[in-house]
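Here is the structure we will look at, set down as structure tokens.
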Amino acid sequence: MTLKILIFSIIFMLGCNKSLNIKKNFSLNKKQIEKTIYHWNYFIKNAANKYHVDEKLIKSIIYVESSGNPFAKSTSNAIGLMQIKPSTAGVDIYRLNGKKGQPSIQELYNPKININIGTSYINLLQKKNLIGIKNKEILRYATIVSYVNGTSALLKIFSKNKSTAIKMINTMTKKTFFQYINKHPSKQASNYLKKVIKIYNLI
1 MTLKILIFSI
11 IFMLGCNKSL
21 NIKKNFSLNK
31 KQIEKTIYHW
41 NYFIKNAANK
51 YHVDEKLIKS
61 IIYVESSGNP
71 FAKSTSNAIG
81 LMQIKPSTAG
91 VDIYRLNGKK
101 GQPSIQELYN
111 PKININIGTS
121 YINLLQKKNL
131 IGIKNKEILR
141 YATIVSYVNG
151 TSALLKIFSK
161 NKSTAIKMIN
171 TMTKKTFFQY
181 INKHPSKQAS
191 NYLKKVIKIY
201 NLI
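UniProt numbering applies: residue 1 is where the sequence shown begins, and numbers increase by one.
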């Protein structure tokens with residue numbers, strides 16, 4: 001266990017509930033990315049193996065969402081490394097595990113719990129919400145957009161009917177899917193997709 005993880009563990013045991021809205025330091029330098037993510041590699045690897053999720057995808061989302069800052073908090077109450085919203089993704093994963101309610105803010109500031117919930121949510125997107133998309137790279141793109149914007153918002157730009165939307169996606173190449181996403185959803189989702197893909201291709 002690294003010193004940084006040990007320090008965070010002590011903070012959590014002491015019941016620290018302060019939220020720090022620290023500005024993200026976003027860089028497209030491979031060494032900087034690896035240095036930033038390094039402290040969370042153990043938790044990322046375990047979660048990736050547990051939920052059968054691409055490790056590079058988890059790292060890319062963490063870097064874009066929080067720049068590796070476990071105390072990051074957005075104005076929309078997205079919390080921690082993977083910027084989990086307690087009332088949306090948090091509720092979904094709690095329900096999936098047979099739990100009531102939603103994760104607490106203090107839980108989501110815990111890197112291990114945050115990464116576990118975020119990775120479980122990616123698995124939910126891929127194995128349930130986006131099931132039927134055949135091309136693995138397109139599925140990755142669709143997962144990224146769904147992570148930031150929601151599955152419904154993604155699929156409705158293709159069709160109001162989920163099955164029809166999936167069929168339409170399956171007729172596309174990676175390039176045409178990317179172009180379609182770039183034209184139709186919100187600018188935020190499109191920019192987010194580009195950032196995550198850039199990081200994914202670097203690491």
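Built from N, CA and C at the ideal position, the CB exists for glycine as well.
Computed from a predicted structure; not experimentally measured.
Exposed unless 16 or more other CB atoms sit within 10 angstroms - verdict on S120:
Here residue 120 is taken as the residue at index 120 of the sequence shown, counted from 1. By the neighbour-count criterion, in which a residue is buried when 16 or more other Cβ atoms sit within 10 angstroms of its Cβ, S120 is buried.
With distance defined between alpha-carbon atoms, name the residue in L28, I115, I117 and T143 nearest to R127.
Along the sequence shown, read from residue 1 onward, the residue named residue 127 stands at position 127. One detail in the question is off: residue 127 reads as Lys in this sequence, not Arg. That would be T143, whose Cα lies nearest to the Cα of K127.
Which residue from M172, Y109, N114 and S186 puts its Cα closest to that of S146?
Numbered from 1 along the sequence shown, position 146 holds the residue referred to as residue 146. That would be S186, whose Cα lies nearest to the Cα of S146.
Limits of the unbroken alpha helix (DSSP H) element including Y141
Looking up residue 141 in the sequence shown gives position 141. Unbroken alpha helix (DSSP H) run through Y141: K136 to N149.
Quick check on this structure: which residue in T176, I199 and F158 has the alpha carbon closest to the alpha carbon of M168?
Within the sequence shown, the letter at position 168 stands for residue 168. Closest in alpha carbon position to M168, among T176, I199 and F158, is F158.
Where DSSP assigns a beta bridge to K73, which residues make up the other side?
Position 73 of the sequence shown, counted from the start, is the residue given in the question as residue 73. Its beta-bridge partners are I79.
Would the beta-carbon of E34 fall within 8 Å of that of I203?
If you number the sequence shown from 1, residue 34 lands on position 34. If you number the sequence shown from 1, residue 203 lands on position 203. Yes. Within cutoff.
CB contact flag (P111, P70, <8 Å):
The residue given as residue 111 occupies position 111 in the sequence shown. The residue given as residue 70 occupies position 70 in the sequence shown. A contact, by the Cβ cut-off of 8 Å.
Can you give me the C-alpha to C-alpha distance between K99 and Y192, rounded to a whole angstrom?
As a position in the sequence shown, residue 99 is number 99, starting the count at 1. As a position in the sequence shown, residue 192 is number 192, starting the count at 1. It is roughly 31 Å from the alpha-carbon of K99 to the alpha-carbon of Y192.
Less than 7 Å between C-beta atoms, sequence neighbours within five positions excluded: which residues of the same chain meet that for G101?
Residue mapping note: residue 101 aligns to position 101 of the sequence shown, counting from 1. These residues qualify, in order along the chain: Y94.
Nearest candidate by alpha-carbon position, reference I122, set L108, K162, H52 and A189:
Stepping through the sequence shown from its first residue, residue 122 is reached at position 122. Shortest Cα-Cα distance from I122 to any of L108, K162, H52 and A189 involves H52.
Enclosing alpha helix (DSSP H) for F178 [first to last residue]:
Taking the first residue of the sequence shown as 1, we reach residue 178 at position 178. Segment K174 to K183, the alpha helix (DSSP H) holding F178.
Quick check: the Cα distance between I37 and K59, rounded to an integer number of angstroms?
In the sequence shown, counting from the first residue as 1, residue 37 sits at position 37. In the sequence shown, counting from the first residue as 1, residue 59 sits at position 59. Their Cα atoms are separated by approximately 7 Å.
Report the three-state DSSP secondary structure of Q188 (helix, strand or coil).
Counting from 1 along the sequence shown, the entry for residue 188 is found at position 188. Three-state result, Q188: helix.
Whole-number beta carbon distance between L81 and I104, since they are thought to touch under 8 Å
To locate residue 104, count along the sequence shown from 1; it is residue 104. To locate residue 81, count along the sequence shown from 1; it is residue 81. Here residue 104 turns out to be Ser, not Ile, going by the sequence shown. The beta carbons of S104 and L81 sit about 16 Å from each other, so the pair does not count as a contact at 8 Å.
Using CA coordinates, which residue listed in L130, T173 and K31 is at the minimum distance from A153?
For the purposes of this step, residue 153 is taken as the residue at position 153 of the sequence shown. When each option's Cα is compared against that of A153, the closest is L130.
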